[in-house]
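**Q**
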Amino acid sequence: MSLKFFNTKSRKKETFEPTEPGKAKLYTCGPTVYNYAHIGNFRTYVFEDVLRRHLKVKGFDLTHVMNITDVEDKIIKRAAEQGIELNQGNGSDSNAPIPLDEITEPYTTAFHEDRKALRIEDAEHYPRATRYIPKIVDLIKRIQAADVTYESEGSIYFSIKKCPNYGCLSGFKIDEVVSGARVDSDEYEKDDARDFVLWKSRKEGEVYWETELGEGRPGWHIECSAMAMDLLGESFDIHCGGEDNIFPHHENEIAQSECASNMQFVKYWLHSRHLRVEGEKMAKSSGNFFTLRDLTEKGYDPVNIRFALVRQHYRDPLNFTFDGLKAAAEERRRWTDLLIRLEEVTSEGEVSESMKTLIETADRQIEEHLDDDLATPQAIARLHETATAVNRRIDSGEIQTAEAAEVQSLFKKWDRVFGVLDEERGSLDEEIESLIQERLDARKNKNYARSDEIRDQLQAQGIILEDTAQGTRWKRGS
Ligand SMILES: [Zn+2]
0 MSLKFFNTKS RKKETFEPTE PGKAKLYTCG PTVYNYAHIG NFRTYVFEDV
50 LRRHLKVKGF DLTHVMNITD VEDKIIKRAA EQGIELNQGN GSDSNAPIPL
100 DEITEPYTTA FHEDRKALRI EDAEHYPRAT RYIPKIVDLI KRIQAADVTY
150 ESEGSIYFSI KKCPNYGCLS GFKIDEVVSG ARVDSDEYEK DDARDFVLWK
200 SRKEGEVYWE TELGEGRPGW HIECSAMAMD LLGESFDIHC GGEDNIFPHH
250 ENEIAQSECA SNMQFVKYWL HSRHLRVEGE KMAKSSGNFF TLRDLTEKGY
300 DPVNIRFALV RQHYRDPLNF TFDGLKAAAE ERRRWTDLLI RLEEVTSEGE
350 VSESMKTLIE TADRQIEEHL DDDLATPQAI ARLHETATAV NRRIDSGEIQ
400 TAEAAEVQSL FKKWDRVFGV LDEERGSLDE EIESLIQERL DARKNKNYAR
450 SDEIRDQLQA QGIILEDTAQ GTRWKRGS
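Those letters in the sequence shown? Residues 0 to 477, by numbering that gives the first Met the number 0.
1) At a threshold of 8 Å, does His-124 count as lining ligand 1 (C-beta to nearest heavy atom)?
2) Just the Cα atoms here: how many angstroms apart are Gly-425 and Ala-361?
3) Taking Arg-51 and Glu-112 to be in contact with their CB atoms under 8 Å, please state how far apart those CB atoms are, rounded to whole angstroms.
4) Going by C-alpha to C-alpha distance, which of Val-406, Arg-392, Glu-402 sits closest to Leu-382?
5) For the alpha helix (DSSP H) that Ala-95 lies in, which residues bound it at each end?
6) Just to confirm the assignment, what range does the beta strand (DSSP E) spanning His-63 have?
7) Sort out for me which residues DSSP pairs Ile-237 with in a bridge.
8) What's the call for Gln-81, buried or exposed, on a 16-neighbour Cβ count within 10 Å?
9) Is it the case that the segment 216 to 227 contacts the segment 162 to 169, given that we only count it when at least three CB pairs across the two stretches are under 8 Å?
10) Comparing alpha-carbon positions, which option in Val-416, Thr-387, His-124, Asp-394 lies nearest Thr-375?
11) Please output, in chain order, the residues near ligand 1 using a CB cut-off of less than 6 Å to any non-hydrogen atom of the ligand.
12) Grab me the residues of Phe-171's own chain with a C-beta within less than 8 Å of its C-beta, minus the 5 sequence neighbours each way, in chain order.
13) On the criterion of 16 or more Cβ atoms from any shown chain inside 10 Å, does Ile-503 qualify as buried, or is it exposed?
14) Report yes if the C-beta distance between Ala-23 and Asp-229 is below 9 Å; otherwise report no.
15) From Ala-441 to Asp-421, what distance separates their C-alpha atoms?
16) What's the C-alpha gap between Gln-263 and Arg-141?
17) So, are the CB atoms of Asn-86 and Glu-205 less than 9 Å apart?
18) Relative to the C-alpha of Ala-326, which residue among Val-302, Ser-346, Ile-339, Gln-143 is closest?
19) Is Leu-308 closer than 9 Å to Phe-321 when the C-beta atoms are compared?
20) Alpha helix (DSSP H) containing Glu-390: first to last residue?
21) Ile-462 by DSSP, collapsed to three states: which one?
22) Residues in the same chain with beta-carbon distance under 7 Å from Lys-57, minus the five sequence neighbours each way, listed in chain order, please.
23) Considering just the uninterrupted stretch of the alpha helix (DSSP H) at Glu-250, what are its terminal residues?
24) So who's on the other strand from Ile-155, going by DSSP bridges?
25) Check Glu-19 in the structure and name its three-state DSSP category.
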């Protein structure tokens, strides 16, 4: 079955046909690094990770670029609040440190730590806007050559009425625009659409670069176009973001890129819906604003958070609740427990026809669901159904080692997309195993005090012991 995505631009599902056969080129808008990313940001990044992983499972040779926005209005404001001296020029062709790094570098490091905790895979490139100034300047010059810009007080603006395609992504109607009205801020609402800024002239107290365009700094929108076109080509396959990026950010990216290149900038636009917390809009003032760090400090496992995000389809609004998080943890544990039970199957034998059918059907259906615009809830439901059926066979002793291995491969295959199974049992697990052995020895020696002590100690770590005829089994409990 072919891979299909819902394209925001055409408002329908389309078969994925990459610009170069066998390759997939993906651009995702990255974080603005002036604070920690929140759980709503991570909803988008986790969706993009599922997309990236599924493209790889489908065999595409993937190049994924995620930018780091490290010069932008909010970063400059934050730096100024912290008393960082910004009012100095930077050479345009420079990788040398700049004063803004003092704000952006610790948050960039934090972003990578957070995404790794959520098992978000490394993109192939993480370009930083401040290290892209010469290429941004080149792109602005090409846009100027297309005669769709004008200058005012040293800043360069894109004239949206000169771009016949303006509105193609968001459905914005150009005739509503007040002629000549312009906007300097990077973020604004659709009903405030005006000519947007490509290059902001130097302002007192702000960071600037000395370039052919004069002293100043790039606007936010042009950063993404320059980095995407440089690393993926002027026309590439997939561009993602959260739904709040559709207007103005992505609309502006299309306008400026296509005016410069005369080519289609991006074939498929994918956007995730917003996230609410306990049914409410997330806001610092409502006390329901969570960074990933807020949640891990409360003791929540980041991989359970990942599963809570992945369980919902990316185009449905996600209501993030603590009950939902608990349910995600339980569902995830069912898979882990099944894999542990499968390891303990000892009865040798061939794979039966009925088991073969069970696995092949599940495998095919999971792939069909994920191919259908990444229908994660349906794919996960199929894995749960498979787990139930296999558990039933284990309970009744109707399973052989070869079958157990096949079921494990099925779960491990699709975990390449979901990324939630426990990997190696690891050194912590070795410690647990050795405690279990010590407890068995204690019981043999009738040292019940020590045996109970070990059981309590493990219980405190959330490890549940089950004594069976075959020996002691353990699992992680709540
Ligand atoms: Zn962007």
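Here a beta-carbon is modelled for each residue, glycine too, at the ideal position from N, C-alpha and C.
As the structure is a computational prediction, the values presented were derived from the model and not from experiment.
**A** A quick look at the data gives this:
1) no
2) With a pLDDT of only 47 at Gly-425, under 50, the local geometry of the prediction cannot be trusted, and the value read off the model is given with reservation. Cα to Cα, the separation comes out at about 29 Å.
3) Actually they are not in contact, since the Cβ atoms of Arg-51 and Glu-112 sit about 19 Å apart, beyond 8 Å.
4) Val-406
5) Counting along the chain, Ala-95 falls outside any alpha helix (DSSP H), and DSSP gives it neither H nor E.
6) 60 to 65
7) Leu-25, Tyr-267
8) exposed
9) no
10) Val-416
11) Cys-28, Cys-223, His-248
12) Tyr-165, Lys-189, Ala-192, Phe-246, Glu-250
13) This structure leaves residue 503 out entirely; the chain is present only between 0 and 477.
14) no
15) 30 Å
16) 16 Å
17) yes
18) Val-302
19) no
20) In the sequence under discussion, the amino acid at residue 390 is Asn, which differs from the Glu named in the question. Note, Asn-390: alpha helix (DSSP H), 375 to 394.
21) strand
22) Leu-2
23) 250 to 260
24) Glu-150, Trp-198
25) coil
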